[in-house]
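Contents: one structure, followed by commentary.
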């Protein structure tokens, strides 16, 4: 799997977050809370959803599946003037990303991340950057379906 290398400007996002670990994964809970409220975000740029993770600086160098991180369910917006009550604003900083186009079930997510971080990254000439990781879930995303498609954005420098 060969990624595209893309540089993006900062993005304004609105949504909800939960603190979790890979051992106590609350991803389903987060999306169950967010999806019924998604339509409240009046100034969304598209129908794409962002599943975003904020890790501590040394999270992957000393990986421990019990260490917590913050996971977000978000949509990109034109501005922060109309954020619904109880939702949070998040600014994704500009930067360079390796973008992997993935087709398949999210059940293979750990295997794919292992490949990206342990095989592709060390051979790529890039280093992991301390910025959010995220997935763009577009029209072809079918939650856990074998034909599901998504983009996996890994911050690099």
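In the numbering used here, the protein residues as written are 409 to 565. For glycine and all other residues, C-beta sits at the position ideal for the given N, C-alpha and C. Note that the coordinates shown come from a computational prediction; the quantities given were computed from them, not determined experimentally.
Starting from residue 535, trace the beta strand (DSSP E) in both directions and tell me its first and last residue.
No beta strand (DSSP E) contains residue 535, which DSSP labels as neither H nor E.
Does residue 540 have its Cβ less than 8 Å from a Cβ in chain B?
The displayed structure is made up of one protein chain only, and chain B is not part of it.
- Rounded to whole angstroms, what's the CA-CA distance from residue 503 to residue 543? Just pull it up for me. 15 Å
> Are residue 422 and residue 462 close, meaning C-beta to C-beta below 8 Å?
Replying inline: no
Given 8 Å as the limit, is there contact between the region 529-542 and the region 459-473, that is, 3 or more CB pairs closer than that? yes
### Message
Just verifying my parser: in three-state terms, what is the DSSP assignment at residue 444?
### Response
If DSSP states are grouped into helix, strand and coil, residue 444 belongs with the helices.
Cβ-based neighbour list, residue 513, same chain, cut-off 8 Å, excluding 5 preceding and 5 following: Excluding positions up to five away in sequence, the list reads 552, 553, 554 and 556.
Just curious, the alpha helix (DSSP H) that residue 521 is in, first and last residue?
Where residue 521 is concerned, the enclosing alpha helix (DSSP H) starts and stops at 517-523.
- prompt: Mapping DSSP to helix, strand and coil, what is residue 526?
  reply: Of the three classes helix, strand and coil, the one that applies to residue 526 here is helix, per DSSP.
| query | Would you report the Cα separation of residue 417 and residue 473, rounded to the nearest angstrom? | reply | Here the alpha carbon of residue 417 sits roughly 31 Å from the alpha carbon of residue 473.
For residue 432, the three-state DSSP class (helix, strand or coil): coil
Practice problem: Can you tell me which of the three DSSP states residue 418 falls into? | Solution: coil
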